[in-house]
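> Yeah, the sequence shown ends on 255 if you go by the UniProt record's numbering, and it's all consecutive. I'd like to ask some things about the structure below.
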Amino acid sequence: MITPDLESGVKVWHLVKNHEHGDQKEGDRGSKMVSEIYLTRLLATKGTLQKFVDDLFETIFSTAHRGSALPLAIKYMFDFLDEQADKHNIHDPHVRHTWKSNCLPLRFWVNVIKNPQFVFDIHKSSITDACLSVVAQTFMDSCSTSEHRLGKDSPSNKLLYAKDIPSYKSWVERYYSDISKMPAISDQDMNAYLAEQSRMHMSEFNSMSSLSEIYSYVGVYTEEIVCALEQDDAARKQRLAFKLEQVVAFMTLES
């Protein structure tokens with residue numbers, strides 16, 4: 001903080017102004033410091049953390065420096081989105097980019113960045129939460145296709161990484177491009193991969209609970225799902241619409 005903690009004597013360095021994270025009491029002298037002094041401290045802290053943030057973003061948005069191969073599911077999912085765009089004559093690259101961002105970086109990675117306690121057994125203080133929000137916001141801005149416009153009234157957390165956003169955006173675009181150039185994943189390879197994942201984690205999940213959650217969705221959209229299955233060639237060959245109707249009828253009797 002601006003002054004050491006009286007109990008531990010420890011100073012906490014951060015990416016936000018003291019009064020922005022909620023711990024600061026009204027009237028503390030720290031909240032009255034001029035913005036120029038704050039900005040200098042924020043920039044100094046940002047410089048200290050720069051390598052860690054860069055390493056995180058580069059690891060996430062890289063197919064070659066991940067320490068392990070890119071999961072098949074990501075390639076399969078991105079190819080599926082491209083196929084759907086082609087099928088519906090959507091040729092705007094911004095739309096395809098947004099689809100991919102919404103289904104992986106913005107749905108999964110932002111959540112992990114913002115909530116490390118989901119992965120690690122740690123306590124997240126309010127100041128840590130505020131700092132991680134800055135990193136998460138930078139991550140979201142990096143996935144955006146819109147122009148990053150800032151002015152003198154923009155919040156400090158936006159100004160901190162303003163010069164880095166264009167570089168991060170190029171990493172995201174390169175990541176999506178590299179994945180599109182990779183060899184396609186066949187349905188057989190994907191099924192084998194999923195079967196192996198199921199085998200590895202068989203004892204970690206309650207399959208009946210998962211089925212119950214899926215069925216709650218089916219119960220709401222039965223007509224739409226049956227209609228879609230009847231129009232799909234592969235589904236018709238396996239009579240999936242008829243089988244689903246049997247399941248619904250059976251579950252109705254059971255209830």
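Virtual Cβ for every residue (Gly too), placed ideally from N, Cα, C. As the structure is a prediction and not an experimental result, all values here were calculated from the model.
(1) Can you grab the Cα-Cα spacing for the pair VAL135 / VAL247, in whole Å?
(2) Measure from the alpha carbon of LEU104 to the alpha carbon of each residue in ASP121, LEU81, VAL119, then state which is nearest.
(3) When you compare only the Cα positions, how much space is there between PRO93 and THR252?
(4) Would you give the residue range spanned by the alpha helix (DSSP H) that ILE225 belongs to?
(5) ALA184 to PHE78, Cα distance in whole Å?
(6) According to DSSP, is GLN238 helix, strand or coil?
(7) Whose CA, out of ARG174, GLU196, ARG149, lies closest to the CA of SER62?
(8) Determine the closest residue to THR48 out of GLN188, SER133, SER144, LEU160, with distance taken between C-alpha atoms.
(9) Start and end of the alpha helix (DSSP H) containing ASN115?
(10) From what residue to what residue does the alpha helix (DSSP H) around MET202 run?
(11) With burial defined as no fewer than 16 other Cβ atoms inside 10 Å of the residue's Cβ, what is the status of ILE37: buried or exposed?
(12) Of all the options THR45, LEU244, GLN197, PRO71, which has the alpha carbon lying nearest to the alpha carbon of ILE214?
(13) Answer yes or no: do SER142 and LYS163 have a C-beta to C-beta separation smaller than 7 Å?
(14) Just to confirm, is the Cβ distance from HIS148 to ILE127 under 7 Å?
(15) According to the Cβ coordinates, are VAL16 and ALA130 closer than 7 Å?
(16) I need the boundaries of the alpha helix (DSSP H) containing ILE165, first residue and last residue.
(17) How should ILE113 be labelled, buried or exposed, when 16 other C-beta atoms within 10 angstroms of its C-beta is the threshold for buried?
(18) So, for residue 261: in the same chain, excluding its five sequence neighbours on each side, which residues have a beta-carbon less than 8 Å away from its beta-carbon?
(19) Taking DSSP as the reference, what is the three-state secondary structure of GLU147?
(20) Can you tell me whether SER125 is helix, strand or coil according to DSSP?
(21) Can you name the start and end residues of the alpha helix (DSSP H) that TRP85 belongs to?
(22) What did DSSP end up calling ASP54 once you bin it into helix, strand or coil?
(23) From which residue to which residue does the alpha helix (DSSP H) around PRO93 run?
(24) Name the residue from SER186, SER167, PRO116 whose alpha carbon lies nearest to the alpha carbon of LEU72.
Quick answer:
(1) 46 Å
(2) LEU81
(3) 45 Å
(4) 222–231
(5) 10 Å
(6) coil
(7) ARG174
(8) LEU160
(9) Careful: ASN115 lies outside any alpha helix (DSSP H) and carries neither H nor E.
(10) Segment: none, MET202 is in no alpha helix (DSSP H) and carries neither H nor E.
(11) exposed
(12) LEU244
(13) no
(14) no
(15) yes
(16) 165–181
(17) buried
(18) With the chain covering only 1 through 255, there is no way to say anything about residue 261.
(19) coil
(20) coil
(21) First, the amino acid is wrong: residue 85 is Ala here, not Trp. Per DSSP, ALA85 belongs to the alpha helix (DSSP H) from 72–87.
(22) helix
(23) 93–103
(24) SER186
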